[in-house]
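As they're listed, the protein sequences go chains A and B.
Oh and the first sequence: position 23 is 110 in our numbering, straight run, nothing missing.
Oh and the second sequence: position 69 is 156 in our numbering, straight run, nothing missing.
Report on one structure; see the data block that follows.
Number of protein chains: 2
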Amino acid sequence: MTNLNIYKEKLRQSGLRPTRQRLKICEALFSPEKTFHFTINDLTKIIEEKLSEKISLATVYNTIHAFKKKGYLKEILVNSDKRYFDTNVTEHHHFFDEDTNELIDCSSDDIDSVNIKQNITGKKIKSVEVLIKVATDNQTQK
Amino acid sequence: MTNLNIYKEKLRQSGLRPTRQRLKICEALFSPEKTFHFTINDLTKIIEEKLSEKISLATVYNTIHAFKKKGYLKEILVNSDKRYFDTNVTEHHHFFDEDTNELIDCSSDDIDSVNIKQNITGKKIKSVEVLIKVATDNQTQK
DNA sequence: GAAATAGTTTAGAATTATTATAAACAATAA
DNA sequence: TTATTGTTTATAATAATTCTAAACTATTTC
């Protein structure tokens, strides 16, 4: 309940009206203690089943894109089958388990900072992301 | 012409029959001096326009997937709008220019090797890929 | 507060990329 | 040369995402 006002403020601050649907989505995304990864489908299910709210798919898409644009979410690219989003928007990296198709955070502590010696002239580095694909030993690489 | 036999051999070696279509695709992909990035659409156009060959879309998809599986191609994930493939299958990384949507190789020389301190237990690291998003300074981050 | 406005949601249609299908065809093996 | 097995093709099917325009809601203005 107290979170609700925080979400309202958060939305207003970025020029998004705090509608019932957006607040529900905020609740699903930002009330869990731990950050997590999800697909649009996952999220729609969570909202329907756990929060007992039926939100139109188009709205879920709209909202997720708006949130991504505002920096409330990150999109993580791991394979071409699924689009994952991440509620952890801090600088971090990922393991992708090819056996289970699971995406696991790799904190910046678990990796030495990536040193880029040569950049494209005239451009600024906006982000550096490392994706580490893992599998059991006998597994073929994708 | 001499390349043709190399491609035939390459295909046979990996259990793929050297058909007219696959050889044309090999020509488009592996005869240029420099490696390059492409989408399925790009490739289909190149084959139609430059090599004056009409290959069914389904075959292009099939072949690209077969080649990827055999390690003749890599898929590069940069944004969710387009699926890029890379004829450079050596260990390397990428810059992605958000202004132009251009994908640029980042040789292993341009980046210090990534040191991963902590791995998932029981798993083997299959690949480590770094994606560096760049843009002109005033550009917003995607 | 009521009306005006600007932004949002919705169901369903449209679009797009990709994969499946099954018949015709081509490469290889016997 | 025939049989076998793999491949190509046009087209249909599927699936994810975006578009549309009408109904609705939050905010602003009076």
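Backbone N, C-alpha and C define an ideal beta-carbon position, used for all residues, glycine too.
The model shown is predicted, which means the values in this text are computed figures rather than measured ones.
{"Asked": "Here's the rule: buried if 16 or more other CB atoms are within 10 angstroms of the residue's CB, otherwise exposed. What is arginine 107 of chain A?", "Found": "exposed"}
{"Asked": "Any idea what DSSP makes of isoleucine 142 of chain A, helix, strand or coil?", "Found": "coil"}
{"Asked": "Which residues, in chain order, does the region 198-211 of chain B contribute to contact with chain A at a C-beta distance below 8 Å?", "Found": "Ile198, Asp199, Val201, Asn202, Ile203, Lys204, Gln205, Asn206, Ile207, Gly209, Lys210, Lys211"}
{"Asked": "Just checking my contact of threonine 174 of chain A with leucine 116 of chain A at CB under 8 Å: how many whole Å lie between their CB atoms?", "Found": "5 Å"}
{"Asked": "In this structure, what does DSSP give as the bridge partners for phenylalanine 182 of chain A?", "Found": "A/Ile191, A/Ile219"}
{"Asked": "Quick one: is aspartate 186 of chain B buried, meaning 16 or more other Cβ sit within 10 Å of its Cβ, or exposed?", "Found": "exposed"}
{"Asked": "How about threonine 222 of chain B: is its C-beta nearer than 7 Å to some C-beta of chain A?", "Found": "Just to set this straight, residue 222 of chain B is alanine in the shown sequence, not threonine. Output row for alanine 222 of chain B: interface = yes."}
{"Asked": "Which residues mark the beginning and the end of the beta strand (DSSP E) in which lysine 132 of chain A is found?", "Found": "Run containing lysine 132 of chain A: none in the beta strand (DSSP E); it sits in the alpha helix (DSSP H), 127-136."}
{"Asked": "May I have the straight-line CA-CA distance separating glutamate 178 of chain B from aspartate 197 of chain A, to the nearest angstrom?", "Found": "21 Å"}
{"Asked": "Would you mind working out which of A/Lys156, A/Phe154, A/His180 sits nearest leucine 164 of chain A, comparing C-alpha positions?", "Found": "A/His180"}
{"Asked": "By the three-class DSSP mapping on this structure, what secondary structure does aspartate 196 of chain A have?", "Found": "helix"}
{"Asked": "Under 7 Å between beta-carbons, which chain A residues line up against valine 215 of chain B? List them in chain order, please.", "Found": "Val217, Ile219"}
{"Asked": "Quick one: grab the DSSP three-state call for glutamate 114 of chain A.", "Found": "helix"}
{"Asked": "For the structure I just gave you, are there three or more beta carbon pairs, one from the region 198-215 of chain B and one from the region 150-158 of chain B, closer than 8 Å?", "Found": "no"}
{"Asked": "What does phenylalanine 125 of chain A touch in chain B if you count any residue whose Cβ is under 7 Å from its own?", "Found": "Result: empty, since nearest Cβ-Cβ is about 15 Å, beyond 7 Å."}
{"Asked": "Since isoleucine 112 of chain B and isoleucine 93 of chain B are thought to touch, with beta carbons under 8 Å apart, how far apart are those beta carbons, to the nearest angstrom?", "Found": "Not a contact, Cβ separation roughly 14 Å."}
{"Asked": "Going by DSSP, which residues form a beta bridge with isoleucine 212 of chain B?", "Found": "A/Val221"}
{"Asked": "Answer yes or no: does any C-beta atom of chain B fall closer than 7 Å to that of arginine 104 of chain A?", "Found": "no"}
{"Asked": "Run down chain A in chain order and give the residues with a C-beta less than 9 Å from the C-beta of glutamate 178 of chain B.", "Found": "Result: empty, since nearest Cβ-Cβ is about 12 Å, beyond 9 Å."}
{"Asked": "Take valine 201 of chain A and list the residues in its own chain whose beta-carbon comes closer than 8 Å to its own, dropping the five residues that flank it on each side.", "Found": "Val215, Val217"}
{"Asked": "Do the CB positions of aspartate 184 of chain B and valine 221 of chain B come within less than 7 Å of each other?", "Found": "yes"}
{"Asked": "So, is the C-beta of phenylalanine 182 of chain A closer than 7 Å to a C-beta in chain B?", "Found": "yes"}
{"Asked": "Mind checking the region 135-156 of chain A against chain B and listing, in chain order, the residues whose C-beta falls within less than 7 Å of any C-beta there?", "Found": "none"}
{"Asked": "Any beta carbon from chain B within less than 7 Å of arginine 170 of chain A's own beta carbon?", "Found": "yes"}
{"Asked": "Rounded to whole angstroms, what's the CA-CA distance from phenylalanine 123 of chain B to leucine 160 of chain B? Just pull it up for me.", "Found": "10 Å"}
{"Asked": "Within its chain, find whatever has a CB closer than 8 Å to the CB of isoleucine 212 of chain B; leave out the 5 residues flanking it on each side and keep chain order.", "Found": "Ile203, Asn206"}
{"Asked": "Under a Cβ-count criterion, where at least 16 other Cβ atoms within 10 Å of its own Cβ denotes burial, should valine 176 of chain B be classed as buried or exposed?", "Found": "exposed"}
{"Asked": "Identify whether tyrosine 159 of chain A lies in helix, strand or coil by the three-state DSSP scheme.", "Found": "coil"}
{"Asked": "Give a yes or no on whether 7 Å exceeds the smallest Cβ distance from tyrosine 94 of chain B to chain A.", "Found": "no"}
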